[in-house]
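Protein chains in written order, with my numbering: chain A, 870 to 1081; chain B, 1380 to 1389. To keep things clear, I will list the structure first and then write my remarks on it.
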Amino acid sequence: MNVFRLVGDLSHLLAIIMLLKKIWSSRSCAGISGKSQLLFALVFTTRYLDLFTSFISVYNTSMKVIYILCAYATVYLIYVKFKATYDHNHDTFRAEFLVVPVGGLAFLVNHDFTPLEILWTFSIYLESVAIMPQLFMISKTGEAESITSHYLFCLGGYRALYIINWLYRFYSEGFFDLIAIVAGCVQTILYCDFFYLYITKVIYGQKLSLPA
Amino acid sequence: GAEDQAKDEL
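Shown next, in the form of structure tokens:
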């Protein structure tokens, strides 16, 4: 563990908790892409299947459990509890255009052709594009609430910190995982446009509005 | 292998 990965995980956890709290306390999921949250639940499910078979540390196991529980709780709030506030008309990104190619790629490019490894690879590739429905929704509605912007900033920042973690691990342990690194770079690049708008607008208290 | 260590990451 290094400080970059720790801060990255905490930023990820903060994002997940922040979104869950926003939906719960406002009793509304307006402006939130249910599809992205479904994809994140799928990412955690396929990545943490080793939850019961391999124990790394209390931290590792507890974070995985928290991520999975929060992901499903968020999906439940969006599609069940507060589904009346779910914005069908703007959450129209074709998620199958993400899942199918990513599924195929996971079969073709992986470290080991075993079910657990292919599912882990699928979750790595899927996570890199899972935010697209949310970014698409914001570009359609033309704006995002500030809390949603903070959520996206923390979520995008977590994988950016992981990239620094991978650089650190490469130089200190000689460890690197090309699949995780390439997918992590794609994931972070998808946020660049948003990061620019967030830094130049939201910080000064303006509402974030992506070019439609 | 080196990749196995990746699984210690979230």
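C-beta atoms are modelled at their ideal positions from N, C-alpha and C, and glycine is treated no differently. In this text, all values refer to a predicted model and were calculated from it rather than measured experimentally.
Using DSSP's beta-bridge definition, name the partner residues of residue i.
i, result
"residue 1077 (chain A)", "A:1013"
Give a single yes or no on whether residue i has its beta carbon closer than 7 Å to a heavy atom of the ligand HEM.
i, result
"residue 965 (chain A)", "No copy of the ligand HEM occurs in the structure displayed, which carries no ligand at all."
How would you label residue i, buried or exposed, when you count the other beta carbons within 10 angstroms and need 16 or more for buried?
i, result
"residue 1001 (chain A)", "buried"
"residue 841 (chain A)", "Any property of residue 841 (chain A) remains undetermined from this structure, which presents chain A solely from 870 to 1081."
"residue 895 (chain A)", "exposed"
"residue 875 (chain A)", "exposed"
"residue 963 (chain A)", "exposed"
"residue 1043 (chain A)", "exposed"
"residue 957 (chain A)", "exposed"
"residue 906 (chain A)", "buried"
"residue 1046 (chain A)", "buried"
"residue 1381 (chain B)", "Per-residue confidence for residue 1381 (chain B) stands at a pLDDT of 46, beneath the threshold of 50, marking its modelled position as unreliable; the derived number appears in the next sentence. With fewer than 16 other Cβ atoms within 10 Å, it is exposed."
Over the uninterrupted alpha helix (DSSP H) stretch that includes residue i, give me the two end residues.
i, result
"residue 881 (chain A)", "872-895"
"residue 964 (chain A)", "Where residue 964 (chain A) is concerned, there is no enclosing alpha helix (DSSP H), given that its DSSP letter is neither H nor E."
"residue 1054 (chain A)", "1047-1069"
"residue 945 (chain A)", "927-945"
"residue 996 (chain A)", "984-998"
"residue 904 (chain A)", "903-916"
Legend entry - the segment 931-948 of chain A touching the segment 1009-1018 of chain A, judged by at least three CB pairs closer than 8 Å: no
Inset, instruction - Would you check if there are 3 or more beta carbon pairs closer than 8 Å linking the segment 991-998 of chain A to the segment 909-926 of chain A? - result: Verdict: yes, contact present.
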